[in-house]
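Numbered according to this note's numbering, the sequence shown spans residues 1203 to 1388.
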Amino acid sequence: MNDVYSLFVDEDEEMVAVFGEKYLHNFLEYGASGKGFGVLSDKRLYCCGKCYYKICGVYVAHNCRYIINVGDVSCTGTRSAGMAVMILLDLVFAAVWLLLVTLSVAAVNAGMGYALFSFCDMAVISGLLLIFALAAGILYFCRKKTEIFVIQYAGNEIAFLTLYYPQGEILDFERKIHKVKNKILA
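Structure follows, in structure tokens:
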């Protein structure tokens, strides 16, 4: 797959704009892209690669391949988003702590006669894990933008982290989506 027109549904579609052009080239050359990209034709919006969708108010990454009719696009824009990192760090902390408690109880039940970890050991380990989880979360949010570019369509939405794309490219792509939509609706 080395031609952008191979993505299009109809042969008579014309390419209008590209969002994430370097990721599109990787996709066309290697068949995969580490980041998401969008191709706008005069009829449809094609989104492929890594994008985000919302589950219970939190944006979660997944690899996507969407074909969206431009007439169905209702809104585009950028916004700040809460990513699932803190939830994941909390789950890792809980899993490690639960593993340590389980190992300690298993050692007592196995007839060793003593706990693998004392209460003081568990408190120190829990404190260290909590400090690590908080530090990792703070570093993540300080170093990484959590602003996303959102395209809403027909009751759904797709989002891309703005960190990977120039601001001008986002604004130009957004403007062209609405120009194509206006032509379709006229």
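Ideal Cβ positions, reconstructed from N, Cα and C, are used throughout, including at glycine.
From a predicted model like this one, the values you see are computed outputs, not experimental measurements.
{"Item": "Below 6 Å CB to CB, which residues in the same chain sit around Lys-1224 once its five sequence neighbours on both sides are set aside?", "Value": "none"}
{"Item": "Among residues of its own chain, excluding the 5 on either side of Lys-1252, which ones have a beta-carbon nearer than 7 Å to its beta-carbon?", "Value": "Gly-1236, Lys-1237, Gly-1238, Ala-1263 and Asn-1265"}
{"Item": "Just how far apart, CA to CA, sit Glu-1213 and Lys-1381?", "Value": "21 Å"}
{"Item": "Under 7 Å Cβ to Cβ from Val-1241, same chain only, skipping five residues before and after it: list those, please.", "Value": "Val-1206, Leu-1209, Met-1217, Val-1220, Leu-1226 and Tyr-1248"}
{"Item": "What residue from Lys-1383, Phe-1375 and Tyr-1268 has the CA that sits closest to Gly-1279's CA?", "Value": "Phe-1375"}
{"Item": "Roughly how many whole angstroms lie between the Cα atoms of Ala-1388 and Ser-1243?", "Value": "17 Å"}
{"Item": "Which class does Ser-1328 belong to by DSSP, given the choice of helix, strand or coil?", "Value": "helix"}
{"Item": "Can you tell me the Cβ-Cβ gap for Gly-1222 and Tyr-1367, rounded? I've got them flagged as a contact below 8 Å.", "Value": "6 Å"}
{"Item": "Which residue or residues does DSSP assign as beta-bridge partners of Ile-1269?", "Value": "Tyr-1248"}
{"Item": "If I follow the unbroken beta strand (DSSP E) through Gly-1279, where does it start and stop?", "Value": "1275-1282"}
{"Item": "Between Met-1217 and chain B, is the shortest Cβ-Cβ distance under 8 Å, so that the two count as touching?", "Value": "Going by chain labels, chain B is absent from the structure shown, which holds only one protein chain."}
{"Item": "What's the call for Ala-1296, buried or exposed, on a 16-neighbour Cβ count within 10 Å?", "Value": "exposed"}
{"Item": "What first and last residue would you give for the alpha helix (DSSP H) that runs through Val-1382?", "Value": "1369-1387"}
{"Item": "For Lys-1383, I'd like the list of residues in its chain whose CB is within less than 8 Å of its CB, leaving aside the five on either flank, ordered along the chain.", "Value": "Val-1272, Gly-1273 and Val-1275"}
{"Item": "State the Cα-Cα distance for the pair Asn-1358 and Arg-1377, rounded to the nearest angstrom.", "Value": "20 Å"}
{"Item": "Are Phe-1362 and Ile-1350 closer than 8 Å when you measure CB to CB?", "Value": "yes"}
{"Item": "Alpha carbon to alpha carbon, what distance is there between Leu-1331 and Leu-1365?", "Value": "29 Å"}
{"Item": "Please classify Cys-1277: is it buried, with 16 or more other beta-carbons within 10 angstroms of its beta-carbon, or exposed?", "Value": "exposed"}
{"Item": "Distance, Cα to Cα, Ile-1386 vs Ala-1338?", "Value": "47 Å"}
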